[in-house]
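Worksheet: the structure to be examined is printed underneath.
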Amino acid sequence: MGRPIHTRGLVLRRTDWSESSQIVTIDTRDHGIIDLLAKGSRRVARRSSSFAEPLDLGGWYDLVYRPRSADLHLAVEARLIEGFPHLRDNLAAWLEACFALDLIRAAFTGGDPHPELLRSTLSYLKLLGVGRGRLALRNRFALELLHRSGVWGGWELCATCQRPLVPGEVYWHVTAALLCGDCRSGSDRSLPEPLRRTFLELTAVAWGNLPSLAIPEATLVAAWNRVREALLHHLERAPRSLRYLRVGDTSATSAPLG
Ligand SMILES: [Zn+2]
Numbered sequence: 176m177g178r179p180i181h182t183r184g185l186v187l188r189r190t191d192w193s194e195s196s197q198i199v200t201i202d203t204r205d206h207g208i209i210d211l212l213a214k215g216s217r218r219v220a221r222r223s224s225s226f227a228e229p230l231d232l233g234g235w236y237d238l239v240y241r242p243r244s245a246d247l248h249l250a251v252e253a254r255l256i257e258g259f260p261h262l263r264d265n266l267a268a269w270l271e272a273c274f275a276l277d278l279i280r281a282a283f284t285g286g287d288p289h290p291e292l293l294r295s296t297l298s299y300l301k302l303l304g305v306g307r308g309r310l311a312l313r314n315r316f317a318l319e320l321l322h323r324s325g326v327w328g329g330w331e332l333c334a335t336c337q338r339p340l341v342p343g344e345v346y347w348h349v350t351a352a353l354l355c356g357d358c359r360s361g362s363d364r365s366l367p368e369p370l371r372r373t374f375l376e377l378t379a380v381a382w383g384n385l386p387s388l389a390i391p392e393a394t395l396v397a398a399w400n401r402v403r404e405a406l407l408h409h410l411e412r413a414p415r416s417l418r419y420l421r422v423g424d425t426s427a428t429s430a431p432l433g
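Mapping of the sequence shown onto the numbering used here: residues 176 to 433, in sequence order.
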């Protein structure tokens with residue numbers, strides 16, 4: 176067994192493994208996604224325990240673990256830094272959070288750390304508690320995930336020929352790649368300029384400003400429909416939590432910009 180490793184990580188999934196132990200999937204800052212066996216984490220009454228409480232889904236922890244040759248490493252210590260309690264008594268916010276955790280698990284593999292996305296995820300989980308702008312936040316999170324997993328390359332250049340895109344002549348490939356009029360194929364739909372501007376805005380502002388952006392609900396729904404399509408295209412399996420998400424105000428589902 177290797178030397179203990181100190182890092183921080185977000186719990187993406189947890190399973191009770193025995194009366195006293197858990198198996199947790201954690202997105203760590205330094206080593207990407209890992210699986211840990213936390214022996215004794217469910218037996219919290221003991222003073223000798225290295226775990227103050229069972230590890231919780233969506234919790235952000237200070238961690239010590241021992242790597243083992245198999246894929247399941249051994250958790251030595253876990254200290255909760257941020258538990259995002261506001262998510263746990265609000266069903267809509269909690270479902271959004273679970274979807275984000277599932278997306279990370281579906282988009283990344285072990286040994287592939289992505290600290291920037293992890294930082295964004297923490298901002299996202301925090302801001303879900305604001306109660307406003309959830310669709311703007313979800314769009315931003317999913318776009319960043321596509322970007323960090325090497326899919327989406329930006330809003331300014333054609334993904335194929337790398338020439339600057341000309342407003343009004345921008346086409347959306349199902350993979351979330353933007354193409355110019357010369358590089359598009361017949362199945363690539365145009366991306367209306369207001370929608371491209373919305374994407375630009377969603378990805379350019381600081382996380383903290385997202386909840387107060389004045390973007391019409393219908394536009395956010397249209398943006399989400401495109402992003403969702405790209406996620407479904409890229410992920411081998413769509414997270415089950417996707418089906419529990421609200422797509423916004425039901426009166427806005429027939430979005431004019433779709
Ligand atoms: Zn092009």
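By construction, the Cβ of each residue, glycine as well, lies at the ideal position given by its N, Cα and C atoms.
Looking at residue i and ligand 1, is the gap between the Cβ and the nearest heavy atom below 6 Å?
i           : result
residue 363 : no
residue 273 : no
residue 335 : yes
Would you tell me roughly how many angstroms separate the C-alpha atoms of residue i and residue j, rounded to the nearest one?
i           : j           : result
residue 428 : residue 412 : Note that residue 428 has pLDDT 41, beneath the 50 cutoff, so the model's placement of it is unreliable and the number below is only indicative. Looking at the two C-alpha atoms, the distance is approximately 24 Å.
residue 246 : residue 415 : 24 Å
residue 320 : residue 388 : 21 Å
residue 239 : residue 182 : 6 Å
residue 348 : residue 396 : 18 Å
residue 367 : residue 345 : 7 Å
residue 248 : residue 302 : 32 Å
residue 422 : residue 177 : 46 Å
residue 216 : residue 296 : 25 Å
residue 269 : residue 357 : 43 Å
residue 191 : residue 202 : 18 Å
residue 228 : residue 398 : 40 Å
Is the beta carbon of residue i sitting closer than 7 Å to the one on residue j?
i           : j           : result
residue 230 : residue 253 : yes
residue 289 : residue 315 : no
residue 235 : residue 298 : no
residue 241 : residue 179 : yes
Return helix, strand or coil for residue i, following the three-state DSSP convention.
i           : result
residue 390 : coil
residue 289 : coil
residue 284 : coil
residue 235 : strand
residue 339 : strand
residue 352 : coil
residue 383 : helix
Please determine whether the Cβ atom of residue i lies at a distance below 6 Å from any heavy atom of ligand 2.
i           : result
residue 357 : You won't find ligand 2 in this model; what it holds is ligand 1.
inquiry  = Under 8 Å: do the region 322-337 and the region 296-309 share three or more Cβ pairs, one atom per stretch?
reply    = no
ask   = For the region 273-290 against the region 204-213, are there 3 or more C-beta pairs whose distance is under 8 Å?
value = yes
message = Would you call the region 331-338 in contact with the region 352-360, where contact means no fewer than 3 C-beta pairs closer than 8 Å?
response = yes
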